[in-house]
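Here is the structure we will look at.
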Amino acid sequence: MGHKSEDRTEERVASTAWWPKWEQELNEYINTCERCQKANRKHQKKYGFLQQKGEPKHPGDTINMEWVTGLGSGGKEDYNACLIIFHSFRKSLRDPKFTSECWTNLYDMLGTKPSSSTAYHPQTDGLAERMIQTMEHICRRFCAYGMEYSQHYTTGETPTLVEKGWNPLLPVDHLKKNILTIQPTAKELHDMWNKACDTAAKCIAEAKEYNKQRCDKSHMEPDFKEGDQVLVSTLNFNNLKGPKKIRDSFGGPFTIIRLIGINVVEVKLIEEFSRKHPVFPIVEIKDSPGPVRKIIKAKKIRLNVKDQRQYLVRFKNQTADKDKWLAEDAIPDGNLHLRRFSTSRRTKKSHQ
Numbered sequence: 000m001g002h003k004s005e006d007r008t009e010e011r012v013a014s015t016a017w018w019p020k021w022e023q024e025l026n027e028y029i030n031t032c033e034r035c036q037k038a039n040r041k042h043q044k045k046y047g048f049l050q051q052k053g054e055p056k057h058p059g060d061t062i063n064m065e066w067v068t069g070l071g072s073g074g075k076e077d078y079n080a081c082l083i084i085f086h087s088f089r090k091s092l093r094d095p096k097f098t099s100e101c102w103t104n105l106y107d108m109l110g111t112k113p114s115s116s117t118a119y120h121p122q123t124d125g126l127a128e129r130m131i132q133t134m135e136h137i138c139r140r141f142c143a144y145g146m147e148y149s150q151h152y153t154t155g156e157t158p159t160l161v162e163k164g165w166n167p168l169l170p171v172d173h174l175k176k177n178i179l180t181i182q183p184t185a186k187e188l189h190d191m192w193n194k195a196c197d198t199a200a201k202c203i204a205e206a207k208e209y210n211k212q213r214c215d216k217s218h219m220e221p222d223f224k225e226g227d228q229v230l231v232s233t234l235n236f237n238n239l240k241g242p243k244k245i246r247d248s249f250g251g252p253f254t255i256i257r258l259i260g261i262n263v264v265e266v267k268l269i270e271e272f273s274r275k276h277p278v279f280p281i282v283e284i285k286d287s288p289g290p291v292r293k294i295i296k297a298k299k300i301r302l303n304v305k306d307q308r309q310y311l312v313r314f315k316n317q318t319a320d321k322d323k324w325l326a327e328d329a330i331p332d333g334n335l336h337l338r339r340f341s342t343s344r345r346t347k348k349s350h351q
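Position 80 of the sequence shown, counting from 1, maps to 79 under numbering that gives the first Met the number 0, and the rest follow consecutively.
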């Protein structure tokens, strides 16, 4: 039947059964139900603050490459893809073309260090994704312009002339016969170029800082380590059984093998999940702590200019090295365990 919420489940159970401390045990079971953890979507803040990349010192310092595929074939060679190359970020698409032996050898000969982006995480390479959108917009308008200006075989006129009574102007129609040519001096050209580079670098830095502030408001710092049990989003798994609309939102639990940087993890996938590349952005995983056994101790930390109390939690069927420091609102069935923790502390003080 599922657990709609604690209140609704308590209402159903209360009408049919009763046992000592049933509410506490029921709430603990609901908060650690593996079936619900997989089926329910994640509504908390996303993991991982935005990591800023170093701005290039000059044009061409870092080169970005990305393939746009799935285009219609055209030309004598039947080209159906477009390679976008520009500078600014030190990220490139994780594409087999870039990770093949041929490209790897070419990187070695040129002394180039490639840095691949994470799959299904466009934020890693936002500039490239935005560049692709711009290119697609230009292609659509270019194709539409060419079709509207081409003479139709049946009517003998262009579609625009038939529909609106006039033809659009071509770029050549805007050219003037008498053009005044201005040749700047070498020093003026050098100063102008330096000023343009300084302005561009300043704008890039301001834009990155603004984007980081906006992004971090809806994200929180991850607290994962090797060996932790996590659930992985099934959004980008296309080989799972059953209709996608009613499929579990998360699969697992899986074990974290290693942390790649700050916002990327590698997990040990099993069964039908093992056909996928095991590296995921941290926004696609969520913690799977399991039932809490007890709270061991508490401490105060300074977070965002505020004092916050955290508790060292030990989970059932886990050893001490799996203990975690969690905030009060992050502890499953926290009220129950905090009351037990406070009672045990008072008891210890009374015996001293």
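We put the beta carbon where it would ideally sit given N, CA and C, even for glycine.
Nonlocal neighbours in the same chain, by C-beta distance under 7 Å from residue i, ignoring five residues either side
{"i": "Thr-380", "result": "Coverage of the chain is limited to positions 0 through 351, which leaves residue 380 absent and any answer about it impossible."}
{"i": "Lys-70", "result": "Correcting the residue identity first, residue 70 is Leu in this sequence and not Lys. Excluding residues within five positions, the ones whose Cβ falls inside 7 Å are Asn-79, Ala-80 and Cys-81."}
{"i": "Val-231", "result": "Phe-249, Gly-250, Gly-251, Phe-253, Val-266, Phe-279, Glu-283 and Ile-284"}
{"i": "Gln-132", "result": "none"}
{"i": "Glu-10", "result": "none"}
{"i": "Trp-18", "result": "none"}
{"i": "Gly-333", "result": "Glu-327"}
Endpoints, the alpha helix (DSSP H) within which residue i is located
{"i": "Asp-6", "result": "5–13"}
N- and C-terminal bounds of the beta strand (DSSP E) containing residue i
{"i": "Leu-258", "result": "249–259"}
{"i": "Val-264", "result": "263–267"}
{"i": "Trp-66", "result": "62–67"}
{"i": "Phe-279", "result": "278–280"}
{"i": "Arg-308", "result": "305–314"}
{"i": "Asp-286", "result": "284–286"}
{"i": "Trp-324", "result": "323–326"}
6 Å Cβ shell around residue i - same chain, five flanking residues per side excluded
{"i": "Lys-299", "result": "Asp-306 and Arg-308"}
{"i": "Gln-23", "result": "Leu-335"}
{"i": "Leu-258", "result": "Val-264"}
{"i": "Thr-346", "result": "none"}
{"i": "Trp-21", "result": "none"}
{"i": "Lys-323", "result": "Val-312"}
{"i": "Phe-340", "result": "Ile-294"}
{"i": "Glu-5", "result": "Asn-26 and Ile-29"}
{"i": "Asp-197", "result": "none"}
{"i": "Ala-16", "result": "none"}
Where residue i falls, given that 16 or more other Cβ within 10 Å makes a residue buried
{"i": "Tyr-310", "result": "buried"}
{"i": "His-336", "result": "buried"}
{"i": "Ser-14", "result": "exposed"}
{"i": "Val-312", "result": "buried"}
{"i": "Lys-244", "result": "exposed"}
{"i": "Lys-275", "result": "buried"}
{"i": "Val-304", "result": "exposed"}
{"i": "Leu-25", "result": "buried"}
{"i": "Leu-325", "result": "buried"}
{"i": "Ile-330", "result": "buried"}
{"i": "Asp-320", "result": "exposed"}
{"i": "Asp-286", "result": "buried"}
{"i": "Lys-293", "result": "exposed"}
{"i": "Arg-344", "result": "exposed"}
Heavy atom of the ligand MG within 6 Å of residue i beta-carbon
{"i": "Ile-83", "result": "This structure simply doesn't include the ligand MG, nor any ligand for that matter."}
Proximal residues to residue i (C-beta, below 8 Å), its chain only, five neighbours per side dropped
{"i": "Ser-72", "result": "Tyr-78 and Asn-79"}
{"i": "Lys-186", "result": "none"}
{"i": "Ile-372", "result": "Because the chain in this structure spans residues 0 to 351, residue 372 falls outside the shown range and cannot be described."}
{"i": "Pro-277", "result": "Ile-256, Glu-265, Val-266, Lys-267 and Leu-268"}
Using 8 Å as the threshold, is the segment 226–243 in touch with the segment 182–201, meaning 3 or more CB pairs across them? no
Check whether the segment 237–251 touches the segment 270–281, counting contact only when three or more Cβ pairs, one atom from each stretch, lie closer than 8 Å. yes
Output the residue ranges of the alpha helix (DSSP H) runs that lie fully inside the segment 201–249 and measure 4 residues or longer, sorted by chain position. none
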